[in-house]
Structure formats: C-alpha cells, structure tokens
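Chains A and B, in that order, give the protein sequences. Using numbering that gives the first Met the number 0, you'd call the opening residue of the first sequence number 0 and step up by one each time. Using numbering that gives the first Met the number 0, you'd call the opening residue of the second sequence number 0 and step up by one each time. For each residue, glycine too, the CB sits at the ideal point set by N, CA and C. These numbers come from a predicted model, not from an experiment.
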Amino acid sequence: MRKFRNSRAFGFLAAGLVALTSVGVSSPVQAAEDTSKTSLTFSMFQDPGRLDVVTQPATSLILWLPGNVYEPLVSFDAEDKPSPAVAKSWSSSPDGKVWKFKIDTARKFSDGTSIKASDVVYSLNQFQNGSILAYKGPFANVSSIKATKKDEVTVTLAAKSRGFFRGMGTMAGLVMPASSDGKRNNQPIGSGPYKVAEYVPGSHLQFTYNNNYSGKKPRITSARVRFITDSPASLLALKAGEVDGLPITSTAIWSRIISEGYTKDFRRTLKPASGELHWLMFNQTQAPYNNPVFRTAIAQIVDRDAYVAGLGAPKGAMVPQCGWGIMTARTFKPATKDTCVIDRDGKKAMASLKAAGLDTFPIEFVGLTDVPALRLAADIITQQLRNAGLTVNRRDIPLAQYSSTIFNARPPQYGMSLMGGGGNLDDFVCKDPAKYGYQTYCSSAYTKLMQQADRATTDAAYLKAITSANELLQKDAVVVPLLARTGLGLYNKKLTGWKPPTIRVEVALANYYWTK
Amino acid sequence: MIIFLARRFGFFVISVLATSGLIFLLVRLLGGSPASVLLGEFSTPEDVLALEKQLGLHRPLLVQYGEWMAELLRGDFGASFYSGIELTTLLKSALPVSVSLSVGALLVGLVIGIPFGIASALRSFQGKGSLVDFISQIGIALPIFWSGAVLSIIFGVSLGWFPTGGWVPWSDAPATTLRHLVLPSVTLGIGIGSVLARFVRTAIVEVMRQDFVRTGRAFGMSVQQSLFVVGLRNAALPVVTVLGNIVSHLVGGTVLTETLFSMPGLSRMILGAVVGRDIFVVQNLVVLLVFYVLVVNLIVDVSYYLLDKRLRI
C-alpha cells in the first residue's frame with residue numbers, strides 16, 4: 000500500500016475553483032469583525048419538503064445540509080488537495096484498486112454517538128444503492144465496501160478510478176449514522192458544525208451549533224433559512240432587513256434585482272459553482288424521440304442567444320453553450336460555430352424533418368408548474384419550436400410529481416422536457432439501460448469514454464477522454480445543452496465570508512461572519 | 000333548545016359521514032387507482048399493483064372506508080406519500096397559523112364592515128351613503144396580492160412597523176406573533192370588511208323600512224334610537240348568514256395571503272398537496288375542511304336560534 004499523494008490528478012476541479020474565485024465573487028471591503036452578532040437569517044425560494052440527502056436531490060436541500068450538518072469522508076480544499084475529515088488517514092494499493100480509510104472515531108454525530116466504521120459503510124452503501132445517478136457515479140467501479148476493523152473501512156474497486164476517491168469529498172462521501180435510517184426526512188444527523196434544531200415545512204429550517212462538533216467553533220452559532228416561495232416577497236424581506244441574504248435567487252427575479260437597484264444596496268455574488276445548466280432532454284425510449292434525425296433537427300432549431308436574452312439575466316450570469324458542464328467545468332466553452340457540434344439551421348432542420356415525415360408530429364413537452372424560472376424558459380423554448388412550424392403539446396406538472404416519478408429511477412414519462420441542474424458528465428455513465436433513472440441518455444460509447452477518463456493516468460489523457468465524451472453527447476443530441484448560468488446571491492453588506500462550495504453547491508454557514 | 004340542538008347535531012353527523020363517504024369514493028373512482036395517480040401517468044402496471052398492495056387498496060371498499068374513518072377518529076391522518084412526514088405533525092404547526100390568520104382577518108373585517116355598514120345605512124337616509132359605498136366597492140375590487148404587496152412596502156419596508164412575512168408560534172413570543180399577523184390579517188380583512196359593510200348596510204336599510212321601526216319612529220324614536228333598539232338585532236340575521244359564508248370561504252383567501260406573507264399555514268399545505276398530487280393528504284385535508292364548514296354551519300344555525308325568537312316557538 001502507498002499513502003495517497005496526488006495533486007495533479009484532480010486538476011480538473013482545481014482549475015474550476017481558481018476560475019470561480021476570479022470570475023464571480025465581488026470582494027467585500029475589509030472591515031473589523033463584529034463578534035457580538037452570532038446569528039443570521041437567509042431566505043430560500045423553495046422548501047425541500049423532506050431532508051433526506053440520499054433521496055432528495057433538490058438544490059433547496061443540498062444548499063443547506065451537506066456543508067453544515069454532514070461531513071464527508073475526505074475533505075478537498077480550494078486547490079483540490081485532500082485533507083482528513085471523517086477519515087483521519089487513508090491509503091491505496093499500488094494498483095489503485097484497494098482503498099483503506101482509518102475512521103476518526105473520536106468524532107461524534109450530533110446525537111452524541113461516536114462515528115464507527117459501520118456508519119461509514121452504511122452511508123456509502125446508501126449513496127451507492129440510491130437512485131440519484133450523480134451520487135452513484137463515484138461507486139461505478141466499486142465492488143465491495145467493508146468495515147475491516149472497528150475504525151477501518153476497506154473499499155475494493157474492480158478497476159482503478161480517479162472518480163472514486165474524489166467522490167468521497169462530495170455528496171457521495173457524506174457520513175451519517177446507521178441509526179438515522181428512516182428518520183432522515185425530518186431528523187437528519189451528521190457530524191458537521193451544525194444540527195437541524197427545527198424543520199417546519201413551509202416555514203423554515205433552523206440550525207444551531209452542534210456541541211459535539213470536533214472542529215473549531217464557528218462564529219455563526221445560529222442560522223435560520225426561511226422558505227419564502229414568493230420571490231418578490233423575499234426581496235422585500237431583504238430590503239426590510241428581515242433576512243440577511245438570499246444566497247441563491249430565482250432567475251425569475253433577476254431582471255427586477257437589476258432594475259430596482261438591489262445590486263447597489265446589497266452585495267452581489269456570482270457563483271459559477273452554484274450555477275447550473277439548462278438543457279432539453281428527449282425520451283430516448285420512445286419514437287420518434289429515439290430517432291437521431293428528429294433530435295438533431297430540434298437541436299438545430301433552438302436559438303440559444305434568443306433564449307438567454309429572453310431570460311433577462313445580469314451580464315455574464317448566463318452564457319449560451321452547446322456542451323455539457325457549468326462554467327467552472329473544464330469542458331465549458333460558450334456556444335460558437337467552433338464549439339457547437341450541431342450548428343443552428345432552422346431551414347435545414349425543417350427540411351430534414353419533412354423528409355423523415357416528422358414535421359407534423361405533435362411533440363409532447365413536459366414542463367414544471369412550480370419552478371418559475373423553468374416555466375419562463377419552457378415558454379421561450381416551446382414558442383421557438385412553434386415558430387419554426389412544429390406542433391408542441393405542453394403539459395406542466397409539479398416538481399414534486401416530476402421528482403418522485405422521474406428522478407427516482409422510474410421509466411421516463413415524457414417525450415421532451417426542459418431541465419436545469421448540476422451538469423456533471425458522470426450523470427450519463429450507464430452500464431445497464433434497464434436501470435437508468437431520469438436520465439434517458441444511455442450510450443455505451445459515451446460510457447466507455449468516461450471510463451477511459453476515470454482510469455486515465457495522465458491529465459492530458461483525462462482531458463482528451465472527457466472532451467471526446469462531451470462531443471459525443473452533443474452529437475447524439477438526446478441531451479441538448481442550452482446555457483450555463485451562475486448562481487446569483489444578494490447579501491447584507493455587513494455579512495461576509497462566503498466561500499466557494501467544495502462538496503457540491505452547499506452554503507457553508509460556518510464561513511460567514513458579521514463586520515462592523 | 001335540547002331537541003333543536005340534538006336534531007342539528009344529528010344532521011351534522013349524517014353530513015360528515017355522507018361527505019366523507021363521497022370524498023372517499025371520488026378519490027377511488029375518478030381517474031383510476033390512487034396508486035396510479037401517485038406514481039404518475041406512465042407508471043407500469045406492476046408498480047401500480049405493488050403500491051396498491053402496500054397501501055391496502057386491493058381490499059373491499061367498505062373495509063378501506065371503515066379503516067380510514069377509524070384512523071381519522073383516532074386522530075391518525077397518515078403521512079405524506081412523498082415526504083413521509085406524518086400529517087398530524089404538519090397539522091400541529093399549520094393549523095394555528097391558519098386559525099390565527101382567519102380570526103385576525105375576521106376581526107379586521109368586523110371592525111371595518113360593521114361600523115362602515117351602519118354609517119352607510121344611516122347616511123343613505125340622508126342621501127350621503129355613496130362615499131362609504133364607493134370605498135367598500137374599492138375594498139371588494141382590490142386583489143389580495145396587490146393590497147398585500149402595497150401594505151408590505153409601506154408598513155414593512157418603508158416604516159418598518161410590521162414584518163413583511165414569516166411566522167413565529169404563539170408559544171414562542173405572543174407579541175411577535177401578533178406583529179406578524181397584522182399585515183396578513185389586514186390584507187385579507189379588507190375584502191371581508193368591504194363585503195360585510197355592504198350586507199350590513201342592505202340589512203339595516205331593509206329593517207329600517209319595516210312597520211315596527213316606522214311605528215317606533217311615530218312614537219318619537221330618533222333614527223339612531225330605532226336602529227340600536229330594534230334595527231341591529233333584526234338586521235343581524237342576514238349578516239350572520241353572510242358571515243357564515245365568509246368564514247366557510249376563508250380558505251380560498253388564505254392561500255394567497257399565506258403565500259404572499261410566507262406563512263406556513265393549512266391553505267399552503269393543501270395547495271402543496273393538491274399541486275403535488277399527494278392524494279391521501281388531499282383526501283384527509285378535504286375531510287377536515289368539510290368538517291370545518293359543517294361546524295361553521297352548525298354555529299350559524301345555533302346563532303339563528305338564539306337571535307330569532309320565532310324559531311323557538
């Protein structure tokens with residue numbers, strides 16, 4: 000066995016994080032810290048409904064729990080260097096197939112119990128066997144996870160995987176007690192700096208300092224996240240001083256934020272790592288959506304520039320793109336003739352649809368009733384398709400139904416849909432088409448390229464493989480990326496300390512502090 | 000009195016059983032199996048069958064209904080299909096919010112509606128009631144989302160007198176709860192008061208034209224005296240009816256108000272369950288609403304009995 004030593008291998012995220020700090024964060028004026036203020040109130044435009052991070056992938060949840068209530072097995076800093084977290088040390092075999100993690104059993108969960116190796120095994124199994132593909136990704140090559148000692152967990156891989164170890168610093172590596180099984184929807188337990196003191200659906204999520212936390216006590220010891228579903232009302236609450244910040248704002252109010260001068264009165268942050276993609280997705284299992292001619296034609300019709308303009312974003316916060324990945328991703332490139340595999344050409348598209356007898360096919364488009372930003376986006380896209388001469392039957396369903404029936408490994412239930420999300424290339428790695436969940440794109444060629452990337456021994460080989468995978472994703476056009484956008488946050492000017500997320504998109508409350 | 004109450008209570012129980020049975024049947028007969036509604040339109044038959052078995056939907060309807068009623072009587076409202084959170088847990092936090100908002104809005108409505116209605120009725124005899132009428136018309140026409148936003152901007156953001164939203168339980172800090180209630184109650188109460196003012200005015204004008212009032216006036220009573228001695232009591236009957244209707248229909252108004260002021264109330268919960276197709280949560284909440292409306296109707300009937308001596312003959 001050799002001790003884990005690697006800095007180059009994870010240059011992908013390091014580059015992203017460096018870019019992140021240079022792109023979006025407005026640097027606050029240095030001011031003396033106000034130690035008398037130890038609490039804060041944030042607003043969130045969506046209530047997660049349930050608090051189980053294993054089954055609930057909503058941004059409204061993963062913003063708050065991963066960085067505050069839970070700790071990952073291994074931490075990765077801004078330079079992507081690993082450091083101890085729940086695992087105090089680790090080692091891997093020379094062939095990279097066996098990993099041993101020494102668990103820091105001196106750490107305790109917020110319920111007072113010590114972390115055991117069995118808890119780590121339980122946690123990793125939860126994500127490995129769960130239904131959220133992004134969390135399953137790091138376990139793609141994992142063949143067994145065992146507690147080999149009271150304080151040791153051994154993970155055996157079928158093949159070397161660079162994604163596995165890095166994944167232990169993400170959602171897939173969060174550690175929770177086995178005793179939390181079945182209770183996580185309203186009583187999540189972790190070993191992070193905070194615990195959930197109260198969750199009142201429709202009202203708020205209250206965090207208090209976790210007295211059993213092993214790290215340094217944070218300056219903020221009490222934080223409340225209020226669910227203000229009416230976005231204009233959240234702006235009024237910020238203006239009235241009832242909330243101290245909106246770490247993420249709905250794109251539905253971005254134009255209002257600019258026109259009403261909120262960016263002058265409050266500190267604005269553009270956060271590429273908290274951003275997401277918008278993309279069109281076809282149901283690859285149904286005709287004619289399974290026909291590449293049909294999909295390519297739709298991809299040719301879409302006008303990304305008009306789409307971005309229609310959404311009315313602050314400058315630089317939304318960028319049209321044809322490839323897959325948020326702005327900090329290494330594969331990210333804004334849409335141009337050179338970066339798009341499929342060029343925009345509406346006339347050519349309609350001609351090819353007519354030739355295939357598909358120009359009159361009524362497209363079944365599923366949108367969301369309760370996500371304002373995507374509702375407007377769906378309005379724009381469906382109108383673009385109709386303007387091109389296509390028939391679009393739009394059916395909007397609520398997010399809860401969408402999540403429960405589409406995300407949770409159920410059969411795809413739509414012809415075409417508009418989605419927003421994290422933009423991880425691993426999302427489309429699929430071994431068994433019968434078992435893939437909401438992602439209808441399942442390509443053996445794509446999966447092979449991503450496996451090559453995962454097993455790459457050099458950074459150049461890794462980059463080549465993921466670039467090829469991205470190009471293939473564009474060419475297959477089951478998933479048609481439209482834009483990448485940043486997150487946009489507004490804060491009270493005296494509240495500072497925001498840092499880029501390292502686990503996923505989390506808002507780490509422990510980083511914040513008040514200035515005088 | 001006892002016979003009247005017993006009869007009314009008997010009707011109440013029959014109504015509860017009939018409507019709950021209807022709701023139970025509607026949920027099961029409309030749109031196929033509840034399991035297929037929960038799982039979505041394109042769920043596989045195997046999935047639907049498995050869920051039906053899990054939820055006990057394969058058993059005879061009468062058995063299911065009996066079990067459901069027994070659960071309701073025990074106060075067991077089940078759990079959300081999607082979140083797994085017990086409905087009683089959700090109700091414990093949501094019910095006080097909605098009840099407080101409804102009571103607050105009603106109080107505001109009464110404070111606005113009765114004096115304005117009376118003033119308008121009195122002025123109508125002097126030909127000066129049109130201003131009050133005009134104001135009450137505006138009050139009826141104002142949409143809740145607009146009046147709520149305006150009140151928030153003026154009294155929340157500019158003056159800082161009241162919070163623009165949110166909720167603090169009564170048990171935590173009653174004074175703060177009251178402050179949180181003011182703007183939503185006024186927002187919802189303006190409409191109620193305006194409707195009420197018009198009905199109070201009409202009722203009083205009608206009563207004041209009655210023979211017994213005219214006789215009183217002939218014996219030297221002033222307009223005010225005849226109003227307060229005989230007019231108000233007789234005008235109360237139609238007003239109580241309207242008030243009953245307003246209370247029954249409050250849920251519709253509280254949906255908007257609770258959303259606008261980020262209040263975690265029952266109406267937002269119902270809306271969330273309907274939008275999310277959490278069908279058994281909807282079923283149980285609708286039964287609770289029916290129960291609420293029937294209780295309000297019972298109270299209105301008893302009020303009639305107490306107010307109108309003719310019913311006691």
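Partners in chain A for residue i, counting only beta-carbon separations shorter than 8 angstroms
i, result
"I152/B", "L235"
"L259/B", "D229 and A232"
"W166/B", "S202"
Expected contact under 8 angstroms - CB spacing of residue i and residue j to nearest Å
i, j, result
"I257/A", "S273/A", "Their Cβ separation, rounded to whole angstroms, is 19 angstroms, which puts I257/A and S273/A out of contact at 8 angstroms."
"Y306/A", "L481/A", "6 angstroms"
"D150/A", "T104/A", "5 angstroms"
"G155/B", "L235/A", "6 angstroms"
"G116/B", "I203/B", "7 angstroms"
"F260/B", "L182/B", "7 angstroms"
"Q127/A", "V53/A", "Not quite, the Cβ-Cβ distance comes to about 10 angstroms (not below 8 angstroms), so this is no contact."
Cα-Cα separation between residue i and residue j, rounded to whole angstroms
i, j, result
"L156/A", "G191/A", "28 angstroms"
"L4/B", "V299/B", "12 angstroms"
"L293/B", "R197/B", "25 angstroms"
"V315/B", "S302/B", "Past the edges of chain B, shown from 0 to 312, lies residue 315/B, and the structure says nothing about it."
"D252/A", "I325/A", "Contrary to the premise, residue 252/A reads as Ile rather than Asp in this sequence. Answer to the nearest angstrom: the Cα atoms are 21 angstroms apart."
"T446/A", "N469/A", "11 angstroms"
"S90/A", "A460/A", "24 angstroms"
"L287/B", "D264/A", "46 angstroms"
"P95/B", "L180/B", "12 angstroms"
"R178/B", "R343/A", "56 angstroms"
"P397/A", "I113/B", "42 angstroms"
"V12/B", "S19/B", "11 angstroms"
"V195/A", "T186/B", "33 angstroms"
"Y134/A", "L489/A", "29 angstroms"
"F3/A", "F100/A", "At F3/A the pLDDT is 35, less than 50, meaning the model places this residue with poor confidence and gives no usable figure here."
"P59/B", "V477/A", "45 angstroms"
"I465/A", "A158/A", "18 angstroms"
"T514/A", "L487/A", "22 angstroms"
For residue i, the three-state DSSP class (helix, strand or coil)
i, result
"R516/A", "No answer is possible for residue 516/A: it lies beyond the span of chain A, which begins at 0 and ends at 515."
"L305/B", "helix"
"N392/A", "strand"
"Y198/A", "strand"
"F290/B", "helix"
"Y69/A", "coil"
"L494/A", "strand"
"V62/B", "helix"
"W169/B", "coil"
"P263/B", "coil"
"F331/A", "coil"
"W253/A", "helix"
"Q55/A", "coil"
"Q186/A", "coil"
"S25/A", "At S25/A the pLDDT is 45, less than 50, meaning the model places this residue with poor confidence and gives no usable figure here."
Proximal residues of chain B, C-beta to C-beta of residue i below 8 angstroms
i, result
"V199/A", "S92 and P263"
Chain-ordered neighbours of residue i on chain B, where CB pairs are closer than 7 angstroms
i, result
"K238/A", "V156"
Beta-bridge pairing of residue i - partner residues as DSSP gives them
i, result
"P313/A", "Per DSSP, none; premise fails for P313/A."
"F281/A", "M415/A"
"W63/A", "Partner(s): none; W63/A has no beta bridge."
"P564/A", "With chain A covering 0 to 515 only, the question about residue 564/A has no answer from this structure."
"M43/A", "F226/A"
"S109/A", "Looking at the DSSP assignment, S109/A forms no beta bridge with any residue, so it has no partner."
Neighbouring residues, chain A, relative to residue i (Cβ below 7 angstroms)
i, result
"P162/B", "E241"
"M68/B", "Under the 7 angstroms cutoff, chain A gives no residues; its nearest Cβ is about 26 angstroms from M68/B."
"G159/B", "A239"
"R58/B", "Going along chain A, no residue has its Cβ under 7 angstroms from R58/B, so there is no contact; the nearest lies around 24 angstroms."
"L89/B", "P200"
Cross-chain neighbours of residue i in chain D, by beta carbon under 9 angstroms
i, result
"L141/B", "This model lacks chain D altogether; the protein chains it does include are A and B."
Interface residues of chain A facing residue i [CB-CB closer than 9 angstroms]
i, result
"G83/B", "R49, D51, G181, N184 and N185"
"R267/B", "G201 and T228"
Contacts that residue i makes with chain B (C-beta to C-beta distance below 9 angstroms)
i, result
"R225/A", "G164, G165 and S261"
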